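Residue numbers (this note's numbering): -1 to 283.
All residues carry an ideal CB built from backbone N, CA and C; glycine is no exception.
These figures come from a predicted structure and were not determined experimentally.
Here the structure comes first, spelled out in C-alpha cells, and everything after it is commentary.
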Amino acid sequence: MSPLVLNGDDVDRFRIDGVVCVRGAVGPELVARMTAAVDAVIAEPTRFGGVITEPDKPGMFFQDRYLFPTNPTFRAFLHETPLAGLAAQATGSTTIRAFYDHIFVKDPGTEENFVWHQDRPYWPVDGSQICSTWLALTAADVESSALEFVRGSHRWDRTFRPEYPALEGRSPDEVEAALWRGLAEHIRSFDDVCPAFEEHPDIYDVVGFAVEPGDVLLFDYRTVHRSGPNSGASRRVAISWRWLGDDAIWAPKPGADPIVKPADTALRPGDLITDDDVFPIAYAG
Ligand SMILES: O=C(O)CCC(=O)C(=O)O
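Below is the structure:
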C-alpha cells in the first residue's frame, strides 16, 4: 500500500486555516492497539499524568503525556503511523522530530473544558514549522468534546496567555501551586488573553469537526483551539503527537511545560533542534 499523503487541498487548508482533518489516517487494528495502550496508562499514569476532574464532579478528564521516552509501546507508535510524514508535508519540512505524545480522555458527563488556547505558549520550542496531529480513537463531535478551532488564527502573529484545564479563572499563583514552579511568572508575561471567539461569529470563523476512529486533526501550534464538555453517551479518547519541523529551535522559558527542561538537553537557547536522543527523528524525507 502506498503511504498516506496529503493532497494539495489539504496542504492549502493547513496553511490557510491552520487546521485540516485527514479521514481514516490510521486503520482499525492500530486504533484498537492504541486504545488498549491508553487504557493501560489510565490504570497506571506517569508522573506527568492523572485525572484532572475533581472527585466530586461527574465524568473524568484524564491526560498523560511524554509517554514515548519510557513506554516502548508508545515509542513504537511514533513509527507505526503516517502522522510524522503528514506533518512534514503540511509544514514543508524534510525532517520531523517528535517532541511528545499526549493522551486526552473525557468520559461522558465530564464538564471540564479545555478552554481556547494555542499550544505555542506552553512549549520550550519555537519556529514556524511546528504542529500537532490529534488522532481520534473514538467517534466524537463538538457535543461530545471533539476539538474546535479558530480558522486562520495561526497567522495573527499573536500569542495568548496559556490556560490550564479545570483551573480557569484561578489566579496565576493558584495555578502555579497546582502545577509547577515558575508558572505564575510565565502566565503573567502574556498580556493578550483569548477572547470568547464563539461570541463573535461576525469576526471569527470557528470550525468544529465530527471525527471517527482513525481520523486526524492536523493543526499548527499557533492555531487557537478548545474542547468542550463531553455531553455524549460514550468515552472520547484521543492522542496528540507534537511534531517539530526543520526550523524548530530550542526556546526554554521558566514556566514552560517541564517535560523537557534545559538540563535534559545539550541544546542552547536558539539552537536548531538537533538532539536525536531527546527529540528523535520520526520522519526523514
Ligand atoms: O483533546 C482535548 O481535549 C484537548 C487537545 C488539545 O488541546 C491538543 O491536542 O492540543
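By the neighbour-count criterion, in which 16 or more other beta carbons inside 10 Å mark a residue as buried, Ser232 falls on the exposed side. Here Leu216 is not near Val123, since their CB atoms are 9 Å or more apart. Relative to Pro267, the option among Pro256, Asp255, Phe277, Lys251 whose CA is nearest is Lys251. Annotation for Leu28: no beta strand (DSSP E) segment contains it, though the alpha helix (DSSP H) segment containing it runs 26 to 41. DSSP places His77 outside any beta strand (DSSP E); the residue lies instead in the alpha helix (DSSP H), whose first and last residues are 70 to 78. For Arg11, the closest alpha carbon among the candidates Phe147, Pro106, Gly212 is that of Phe147. Annotation: Gln61 is outside any alpha helix (DSSP H); the continuous beta strand (DSSP E) that includes it extends over 59 to 63.
Val24 sits close to Val214, with the two beta carbons spaced by under 9 Å. Below 8 Å, too few C-beta pairs join the stretch 176 to 183 and the stretch 56 to 67 to call them touching: fewer than three.
Straight across, the Cα-Cα distance linking Gly230 with Thr51 is about 17 Å. For Arg118, the shortest C-beta to heavy atom distance toward ligand 1 is 8 Å or greater. The beta-carbon distance between Pro170 and Ile185, rounded to whole angstroms, is 4 Å. This is short enough to meet the 8 Å contact definition.
By the CB criterion at 9 Å, Ala134 and Ala30 fall outside the cutoff. Taking 9 Å as the cut-off, the beta carbon of Glu78 is found no closer than this to the beta carbon of Leu2.
Leaving aside the five residues that flank Met32 on each side, the residues in its chain whose CB is nearer than 7 Å to its CB run, in chain order, Phe75, Leu135, Ile237. His100 has its Cβ nearer than 8 Å to a heavy atom of ligand 1. Relative to ligand 1, Ser187 has its C-beta separated by 8 Å or more from all heavy atoms. Between Glu166 and Asp54, the alpha-carbon positions lie close to 17 Å from each other.
Excluding sequence positions up to five before and after Ala164, its CB lies within less than 8 Å of the CB of Ile50, Thr51, Glu52, Phe59, Glu110, all in the same chain and listed in chain order. Residue pairing for Asp218: DSSP places it in a beta bridge opposite Cys129.
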